[in-house]
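Data block below; observations after.
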Amino acid sequence: LPKKTDKEKICLYSQELAMQIQRENHIKQALVNAIIKNEFELVYQPKIDLATNKITGAEALIRWHSPTLGFVMPNEFISIAEHTGDILPLGTWIIKRALHDLEVFLQHPKVDDHFCLAINLSVTQILEKDFTGIFLDLVDQSSIDPQNIQVEVTESLMIEDTQWIHNQLNILRQAGISVALDDFGTGYSSLSYLRELPIDVLKIDRSFIRDITQNQEANMLVKAIIHLAQIFRLKIVAEGIEERVQAEVLNDMGCDEAQGYFFAKPLSFNDFELRLAS
Ligand code: C2E
Ligand code: MG
Ligand code: MG
Ligand code: MG
């Protein structure tokens, strides 16, 4: 094939950009009525205790089945929903659905008192003035012990409006809800900063786990993160375990829990209940 000229490249680039903008606009339009039209679903990825191989809980992950756009993944629409503000009603929908489903999981004979369901929060939600009030009211109206609930927040969230966010997270913690720092290692946390964060759990990002069995440096880095978390008395969860040997290595390193396709992909409500029974 002949090489493309710069002019052709620029043309291709702007076509791509135009298509991307068009896609974003479609997503914005489709988001507006998606809740009312019942297009969202929560799926549940089991969290596994590495020492016992038992399910300790799950992470709730949003799925969107749009009749016009097809299946849209959260990495594509959550950031758009944050910009448009749709994340606020959507975030409330997520909390309500998660609590409702959690009530059912907690009735399951194989589930014990320590079962914990993690809900992802976005910064826009926490910045809302009445967020913790609304959340804790919903928990109060349910039969759920707050100990059975965890929230996951990302590092980027922590640098936003630090004092306000720390206060909000501490209000949740005082009520008994635990806080996990998601995707740890991908953001900006310095060591001293980590010490000050109002968190209970550290989730090591998938990108660090990927190479731990092949690459000595990746392996030592995860070891160091686990030691660090132990110093701050944080529970450690590893994300993205795809192979048995990764689970074994992490267990030897002292990692408490893990999530990943090796154990289970995110499951529908029904499939998660079946998984609990097995
Ligand atoms: P996250 O919170 O870090 O969630 C973990 C992501 O990794 C999920 O992608 C999950 O399906 C995927 N994953 C789990 N195990 C494996 C594995 O072994 N290999 C690989 N390659 N991937 C694995 P998902 O569901 O597409 O979610 C992407 C991100 O979207 C989440 O990252 C989270 O930041 C956001 N998100 C998802 N659901 C919600 C929600 O209800 N609310 C908010 N605010 N954000 C959400
Ligand atoms: Mg998460
Ligand atoms: Mg994560
Ligand atoms: Mg991640």
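So for the sequence shown, the UniProt record's numbering puts the first residue at 306; every next one is plus one.
We put the beta carbon where it would ideally sit given N, CA and C, even for glycine.
Distance between beta carbons of residue j and residue i, contact taken as under 8 Å
i	j	result
Pro571	Leu366	5 Å
Leu374	Ile315	With 8 Å as the limit, Leu374 and Ile315 do not qualify as a contact, their Cβ atoms being about 28 Å apart.
Ala552	Ala485	The Cβ separation is near 19 Å, so there is no contact.
Leu404	Ile449	6 Å
Gln350	Glu329	About 27 Å; that fails the 8 Å criterion.
Beta-carbon proximity check, residue i vs residue j, cutoff 8 Å
i	j	result
His413	Leu581	yes
Gln430	Leu393	yes
Gly362	Phe440	no
Val416	Ser573	no
Lys336	Thr389	One detail in the question is off: residue 336 reads as Leu in this sequence, not Lys. Yes, Cβ-Cβ distance for Leu336 and Thr389 is below 8 Å.
Phe537	Leu499	yes
Gln564	Lys352	yes
Ile340	Leu395	yes
Contact set for residue i: own chain, Cβ-Cβ below 6 Å, skip 5 residues either direction
i	result
Gly492	Glu460, Ser461
Ile530	Ile509
Gln455	Cys421, Ala423, Ser483, Ala485
Val527	Phe513, Ile517
Gly490	Asp510, Phe513
Asp505	Ser483, Val484
Phe577	Tyr349
Chain-order list of residues whose beta-carbon lies under 8 Å from that of residue i (same chain, five-residue window excluded)
i	result
Pro379	Leu366, Ile367, Arg368, Trp369
Ala534	Leu507, Lys540, Ile541
Phe376	Arg368, Trp369, His370
Proximal residues to residue i (C-beta, below 7 Å), its chain only, five neighbours per side dropped
i	result
Glu344	Trp369, His370, Ser371
Asn453	Leu407, Leu411, Phe420, Cys421, Leu422
Pro451	Val444, Ala480, Gly481, Ile482
Phe436	Gln430, Gln473
Tyr566	Glu547
Of the listed residues the options, nearest to residue i (C-alpha basis)
i	options	result
Glu548	Ala569, Asp354, Lys359	Ala569
Asp510	His532, Gln452, Ile360, Gly545	Gly545
Ser427	Asp442, Gly490, Ile399, Val409	Ile399
Asp487	Glu501, Asn425, His405, Thr310	Asn425
Glu562	Leu579, Ser583, Ile360	Ile360
Thr467	Leu432, Leu317, Leu496, Ser447	Leu432
Leu355	Glu313, Val550, Asn575	Val550
Glu501	Arg515, Ile383, His471	His471
Ser447	Lys401, Ile464, Asp418	Lys401
Leu496	Thr397, His532, Arg515	His532
Glu381	Asn338, Ile326, Thr357	Ile326
Contact with chain B by residue i, beta-carbon distance below 8 Å
i	result
Val348	Judged by its chain identifiers, the structure shown contains no chain B, having just a single protein chain.
* **Beta carbon nearer than 5 Å to a non-hydrogen atom of ligand 2** => Chain-ordered list of matching residues: Asn425, Glu457, Asp487.
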